[in-house]
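J.:
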Amino acid sequence: MFASRMDSGQEAGGGVAAGTVLMRFVWPHGGRSVLITGSFNGWGELVAMAPVEGCPRVFQAICSISPGYHLYKFYVDGEWRYDEHQSWVTSEYGLVNTLLFPMDANHNPTAGPELHANMELDNEHFRRVVHVSDGTLNEVLPTISEADVQASRHRISVFLSTQTAYELLPKSGKVVALDVDLPVKQAFHILYEQGVPMAPLWDFSRGQFVGVLSALDFILILRELGNHGSNLTEEELDTHTIAAWKEGKAYLNRQFDGQGRAVTRQLIHAGPYDNLKEVALKILQNDVCTVPIIHSSSDDGSFPQLLHLASLSGILKCIFRYFRHVSGSLPVLQLPICSIPLGTWVPKIGESNGRPLAMLRPSASLSAALNLLIHAQVSSIPIVDDNDSLLDIYCRSDITALAKDRVYTHINLNEMTIHQALQLGQDSFYPYELRSQRCQMCLRSDSLFKVMERFGNPGVRQVIIVEAGSKRVEGIVTLSDIFRFLLS
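Going by full-length UniProt numbering, the sequence shown opens with residue 1, and the numbers climb by one from there.
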């Protein structure tokens, strides 16, 4: 069906045809021989892709494409493949990837320099083969009108407004809830053994759910135990109840009523008939990770049933189920993430950054990581080497690994390193495959759709933006970032 051409230049002599621009295609899944073809070249030839320097499993090719909607496919080690982590559709050629490249009306493509036949391109070379506009070297990025952005947001908002929280309920599963009279220590052992980072709290005397116990509570408790001036001791954890901790936490946060009594934070919850937009906004506006879905058949709310823990991850899956095969109808999803106000980025030289990106070395103390999680108000921290290349991430939920064999009772937070703490999580409850899945990466040139697909992997709450090849951290995108952008 396809002819093969083993050089990487798209035009004779390596130039760029009039009315076209150069686009980099990436295959990040390894192989011995990787080629690409698509509608941009009439499905008539295979273009060889070459490994990225320093990252042999990542292949790239730079092709000349015209504005419009394109389909393309990879030929890997003699088999036709598509990248399931990029936008894709079913076509006459089977499952293929898609690319929407709208052209700025003011853009005049110019002939680009000759491409090396072996395609051993680093990022600097790629910057030399892209469009030169105002005297500076800039990557040509897809652009759409503000009207198209608002239309895409409106379609997503309307869809979420017509779907209820019932859509989030799995066919089968478990929901863990804890009694407020349980000792704190026992509660965190339960969280660890059940493999969950948080659980709703049930008050038997009041007959209702009253709050949530999360990994952040465990972090605060460990810091209290490490505080020599604290009234909370390790022995008291055997009898110190969740209710007592929550009341003490309210005092620490100076949450008092008119009579000077401590007031704990009210439970943020939703009902099964609330629409998904309302649920998403509750999560964003209250800065929580999850919202319990609670149903009561009585008017006074008695005898409530805990049905599910709603999260932005679950809501995102609903969006994908509906829009996955018609993603072209949402132009905003095809925009590269570097072209939209999304995420937290490492500032370039001379730039200011209102919210600096928190990163740590693996040799940093666990105490430093916990303090950063609290004070920077983030849920995860990229762990990097001396060149700021990504090694791993440390998340709030990782703290529950310290419950294993009561590790927290015989460690010093200032002496244990992040590397040692991460090693504790690599057991039967946190297999290596799951840990590697949660450390998802993307490039600054990746589309919003592609980044959103990364969040479909189990346990992923953030995607780290890295430089191709070096894996140097350039930024981070969270689920909250994406939903704030789509629903703003």
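Think of the CB as a built atom: it goes at the ideal place given N, C-alpha and C, for glycine as much as any other residue.
(1) Return the CA-CA distance between GLY469 and TYR69, expressed in angstroms with no decimal places.
(2) Assuming residue 499 contacts GLN334 (C-beta within less than 8 Å), just tell me the rounded distance between them.
(3) Have a look at LEU220, GLU92, VAL451 and TRP27 and flag the residue whose alpha-carbon is nearest the alpha-carbon of SER367.
(4) Buried or exposed, going by whether 16 or more other CB atoms sit within 10 Å of the CB of ALA147?
(5) Is the segment 58-68 touching the segment 36-44, taking contact as three or more C-beta pairs under 8 Å?
(6) By DSSP, does ILE315 sit in helix, in strand, or in coil?
(7) In this structure, does DSSP put GLN266 in helix, strand or coil?
(8) Report yes if the C-beta distance between THR344 and ASP181 is below 9 Å; otherwise report no.
(9) Please list the terminal residues of the continuous beta strand (DSSP E) segment that includes ASP77.
(10) Under 9 Å between the Cβ atoms of LEU178 and LEU216?
(11) Per the DSSP calculation, CYS395 is bridged to which residue(s)?
(12) Just to confirm the assignment: which complete beta strand (DSSP E) runs, minimum length 3, are found wholly within the UniProt domain "CBS" (434-488)?
(13) Which residues in the same chain have their Cβ closer than 7 Å to the Cβ of LEU486, if we skip the five residues on either side of it in sequence?
(14) State buried or exposed for ASN97, treating a residue as buried only when at least 16 other CB atoms are found within 10 Å of its CB.
(15) For TYR72, name the three-state secondary structure that DSSP assigns.
(16) Using the Cα positions of GLU453 and GLN420, report the straight-line distance between them to the nearest angstrom.
(17) Do you know how far the Cα of TYR408 is from the Cα of LEU402?
(18) With three or more C-beta pairs closer than 8 Å as the rule, is the segment 181-193 touching the segment 281-299?
(19) Going by CA-CA distance only, name the one from LYS277, LYS404, PRO304 and GLN150 that's closest to ARG206.
(20) Per DSSP, what are the beta-bridge partners of PRO347 in this structure?
(21) What number of angstroms, rounded off, separates the C-alpha of SER379 from the C-alpha of LEU373?
(22) Quick check: what's the CA-CA separation for LEU330 versus THR164?
(23) So, at 7 Å on beta carbons, what are the nonlocal neighbours of THR20 in its own chain, with the 5 sequence-adjacent residues on each side left out?
(24) Who are the near neighbours of LEU390 in its chain, counting only those whose CB is closer than 7 Å to its CB and skipping five residues on each side?
(25) For ASP77 versus GLY44, is the C-beta distance shorter than 9 Å?
(26) May I ask you to report which of helix, strand or coil DSSP gives GLU415?
T.: So, from the data block:
(1) Here residue 469 refers to the residue found at position 469 when the sequence shown is read from its first residue. Here residue 69 refers to the residue found at position 69 when the sequence shown is read from its first residue. Approximately 28 Å, taken between the alpha carbons.
(2) Residue 499 lies beyond the residue range present for the chain, which begins at 1 and ends at 488; the question has no answer from this structure.
(3) Counted from its first residue, the sequence shown places residue 367 at position 367. SER367 has its Cα closest to that of LEU220, out of LEU220, GLU92, VAL451 and TRP27.
(4) The residue given as residue 147 occupies position 147 in the sequence shown. By the 16-neighbour rule on beta-carbons within 10 angstroms, ALA147 is exposed.
(5) Short answer: they touch.
(6) Along the sequence shown, one-based indexing puts residue 315 at 315. Here DSSP, grouped into helix, strand and coil, assigns ILE315 to helix.
(7) Your numbering for residue 266 matches position 266 in the sequence shown. Three-state result, GLN266: coil.
(8) As a first step, residue 344 must be located in the sequence shown, where it is residue number 344. As a first step, residue 181 must be located in the sequence shown, where it is residue number 181. No, they are not a contact pair.
(9) Taking the first residue of the sequence shown as 1, we reach residue 77 at position 77. Where ASP77 is concerned, there is no enclosing beta strand (DSSP E), given that its DSSP letter is neither H nor E.
(10) For the purposes of this step, residue 178 is taken as residue 178 along the sequence shown, with counting starting at 1. For the purposes of this step, residue 216 is taken as residue 216 along the sequence shown, with counting starting at 1. Not a contact, by the Cβ cut-off of 9 Å.
(11) Working through the sequence shown from its first residue, we reach residue 395 at position 395. Partner(s): SER380.
(12) Here the runs fully enclosed are 440-442, 462-466 and 473-478.
(13) Taking the sequence shown and counting its residues from 1, one reaches residue 486 at position 486. ARG153 and ILE156.
(14) Within the sequence shown, numbered from 1, the residue matching residue 97 stands at position 97. So ASN97 ends up on the buried side.
(15) Taking the first residue of the sequence shown as position 1, residue 72 is located at position 72. For TYR72, the three-state secondary structure derived from DSSP is strand.
(16) Within the sequence shown, numbered from 1, the residue matching residue 453 stands at position 453. Within the sequence shown, numbered from 1, the residue matching residue 420 stands at position 420. Going by the C-alpha atoms only, they are around 31 Å apart.
(17) Along the sequence shown, read from residue 1 onward, the residue named residue 402 stands at position 402. Along the sequence shown, read from residue 1 onward, the residue named residue 408 stands at position 408. If I take the Cα positions, the gap works out to 5 Å.
(18) By the Cβ rule, the segment 281-299 does not count as touching the segment 181-193, because fewer than three pairs are nearer than 8 Å.
(19) Position 206 of the sequence shown, counted from the start, is the residue given in the question as residue 206. Residue PRO304 is the option with its Cα nearest to ARG206.
(20) One-based indexing of the sequence shown puts residue 347 at position 347. Note: PRO347 sits in no beta bridge, so no partner.
(21) Indexing the sequence shown from 1 puts residue 379 at position 379. Indexing the sequence shown from 1 puts residue 373 at position 373. Rounded to the nearest angstrom, the gap between the Cα atoms of SER379 and LEU373 is 6 Å.
(22) For the purposes of this step, residue 330 is taken as residue 330 along the sequence shown, with counting starting at 1. For the purposes of this step, residue 164 is taken as residue 164 along the sequence shown, with counting starting at 1. In a straight line, the C-alpha of LEU330 is about 22 Å away from that of THR164.
(23) Locating residue 20 in the sequence shown gives position 20, counting from the first residue. The residues are SER64, ILE65, SER66 and PRO109.
(24) Looking up residue 390 in the sequence shown gives position 390. Hits under 7 Å: PRO382, VAL384, MET441, ILE464, VAL466, LYS471 and VAL473.
(25) Translated into the one-based positions of the sequence shown, residue 77 becomes position 77. Translated into the one-based positions of the sequence shown, residue 44 becomes position 44. Cβ atoms of ASP77 and GLY44: not closer than 9 Å.
(26) As a first step, residue 415 must be located in the sequence shown, where it is residue number 415. Looking at GLU415 - three-state DSSP - the assignment turns out to be coil, as it is neither helix nor strand.
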